[in-house]
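Report on the structure given below.
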Amino acid sequence: GESVGLHLPTLSVQEGDNSIINCAYSNSASDYFIWYKQESGKGPQFIIDIRSNMDKRQGQRVTVLLNKTVKHLSLQIAATQPGDSAVYFCAEDEGGKLIFGQGTTLQVKP
Amino acid sequence: DAGVTQSPTHLIKTRGQQVTLRCSPKSGHDTVSWYQQALGQGPQFIFQYYEEEERQRGNFPDRFSGHQFPNYSSELNVNALLLGDSALYLCASSKDLSQETQYFGPGTRLLVL
Chain A
528 GESVGLHLPT
538 LSVQEGDNSI
548 INCAYSNSAS
558 DYFIWYKQES
568 GKGPQFIIDI
578 RSNMDKRQGQ
588 RVTVLLNKTV
598 KHLSLQIAAT
608 QPGDSAVYFC
618 AEDEGGKLIF
628 GQGTTLQVKP
Chain B
3 DAGVTQSPTH
13 LIKTRGQQVT
23 LRCSPKSGHD
33 TVSWYQQALG
43 QGPQFIFQYY
53 EEEERQRGNF
63 PDRFSGHQFP
73 NYSSELNVNA
83 LLLGDSALYL
93 CASSKDLSQE
103 TQYFGPGTRL
113 LVL
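Below, the structure written as structure tokens:
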């Protein structure tokens with residue numbers, strides 16, 4: 528069925544620490560996944576994506592890991608900064624239709 | 003390079019009224035998708051437009067309709083508004099139909115009283 532879930536609704540980290548946000552998906556046929564960041568009052572902002580032929584992809588301070596065996600995605604943010612505070616969504620692309628999870632709120636403590 | 007733009011930013015309507023929201027896609031994009039995001043939830047797919055036709059539709063009633071123009075901009079229309087239609091309406095654009103990154107606009111916040 529259509530279901531993308533995040534493991535934790537809220538994650539609180541100390542500034543400078545690494546953050547890991549997890550996501551489980553249910554459609555084993557999905558082959559494109561995206562992480563978005565949404566700040567209060569704004570639209571979702573693209574962070575990084577990954578296709579099913581890869582298991583890891585790196586960007587600037589962010590890394591996405593894909594484990595197809597257990598249908599699990601994670602977003603790692605290195606050296607978390609106050610500006611990283613936001614709601615993070617993973618999304619599964621089903622033929623152009625994005626299926627979003629509930630989101631994880633990342634709180635960065637100074 | 004202009005990103006996705008939406009208008010208006012905020013809107014207040016009463017039950018039973020009709021509303022039209024507008025979206026201009028990112029430069030070079032030809033596909034527009036609309037999403038509804040209730041407070042505290044993830045966005046829910048409404049429908050997608052490509053080549054001026056609705057190509058996919060999510061689980062939304064016929065009160066929700068749309069249009070895409072030759073310049074790829076799009077409108078979302080909602081008739082007979084209900085209180086439950088209060089939400090942030092997001093437009094996303096991409097190149098081609100699927101499996102390409104969708105970029106979101108800032109959204110239109112609709113409040114139905």
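Residue numbers (the numbering used here), protein chains in the order written: chain A, 528 to 637; chain B, 3 to 115. We treat Cβ as the ideally placed atom computed from N, Cα and C, and that holds for glycine. Remember, it's a predicted structure, so these values are computed and weren't measured experimentally.
Test item: CB-CB of residue i and residue j under 9 angstroms
| i | j | result |
| --- | --- | --- |
| Gln101 of chain B | Asp558 of chain A | yes |
| Val635 of chain A | Asp611 of chain A | yes |
| Thr596 of chain A | Ile575 of chain A | no |
| Val114 of chain B | Gln19 of chain B | yes |
| Val614 of chain A | Leu602 of chain A | no |
| Pro108 of chain B | Lys569 of chain A | yes |
| Phe560 of chain A | Leu535 of chain A | no |
| Phe62 of chain B | Gln46 of chain B | yes |
| Gly623 of chain A | Arg57 of chain B | yes |
Neighbourhood of residue i by C-beta, 8 angstroms cutoff - its chain only, sequence neighbours within 5 removed
| i | result |
| --- | --- |
| Ala4 of chain B | Ser26, Lys28, Ser29 |
| Leu13 of chain B | Val21, Leu23, Thr110, Arg111, Leu112, Leu113 |
| Asn545 of chain A | Gln603, Ile604, Ala605, Ala606, Thr607 |
Collapsed DSSP secondary structure at residue i in the structure displayed
| i | result |
| --- | --- |
| Leu85 of chain B | helix |
| Asp620 of chain A | strand |
| Asp611 of chain A | helix |
| Asn549 of chain A | strand |
| Arg24 of chain B | strand |
| Thr537 of chain A | strand |
| Thr7 of chain B | strand |
| Asn594 of chain A | strand |
| Thr16 of chain B | coil |
| Glu77 of chain B | strand |
| Phe66 of chain B | strand |
| Leu113 of chain B | strand |
| Gln43 of chain B | coil |
| Lys569 of chain A | coil |
| Phe71 of chain B | coil |
| Asp576 of chain A | strand |
Chain-ordered neighbours of residue i on chain A, where CB pairs are closer than 7 angstroms
| i | result |
| --- | --- |
| Thr103 of chain B | Ile561, Phe573, Asp576 |
| Gly30 of chain B | Within 7 angstroms Cβ-Cβ: nothing; Gly30 of chain B doesn't reach chain A, min ~15 angstroms. |
Close Cβ partners of residue i (< 6 angstroms) along its chain, the five nearest in sequence each way excluded
| i | result |
| --- | --- |
| Arg24 of chain B | Ser9, Glu77 |
| Tyr74 of chain B | Pro27, Asp32 |
| Arg59 of chain B | Phe49 |
| Thr16 of chain B | Leu115 |
| Asn79 of chain B | Thr22, Ser67 |
| Leu593 of chain A | Ile577, Asp582, Leu600 |
| Ala618 of chain A | Ile561, Leu625, Phe627 |
Sheet register partners of residue i (DSSP bridge)
| i | result |
| --- | --- |
| Ala94 of chain B | B:Ser35, B:Phe106 |
| Tyr51 of chain B | B:Val34, B:Glu56 |
| Ser601 of chain A | A:Asn549, A:Leu592 |
| Gln634 of chain A | A:Ser539 |
| Gln585 of chain A | A:Thr590 |
| Ile626 of chain A | A:Glu619 |
Interface residues of chain B facing residue i [CB-CB closer than 8 angstroms]
| i | result |
| --- | --- |
| Leu625 of chain A | Ser35, Tyr37, Pro45, Phe47, Ala94, Gln104 |
| Gly628 of chain A | Gly44 |
| Asp544 of chain A | The contacting residues do not exist; Asp544 of chain A stays about 26 angstroms from chain B at best. |
Within chain B, partners of residue i - CB distance below 7 angstroms
| i | result |
| --- | --- |
| Lys569 of chain A | Pro108 |
Chain A contact residues for residue i, given Cβ-Cβ distances below 8 angstroms
| i | result |
| --- | --- |
| Gly130 of chain B | Outside the displayed range of chain B (3 to 115) lies residue 130 of chain B, so it cannot be described from this structure. |
Residues that residue i contacts on chain A, provided the C-beta gap is smaller than 9 angstroms
| i | result |
| --- | --- |
| Gln50 of chain B | Gly623, Lys624 |
C-beta neighbour in chain C for residue i, strict 9 angstroms
| i | result |
| --- | --- |
| Val21 of chain B | Among the protein chains in the structure shown, which are A and B, there is no chain C. |
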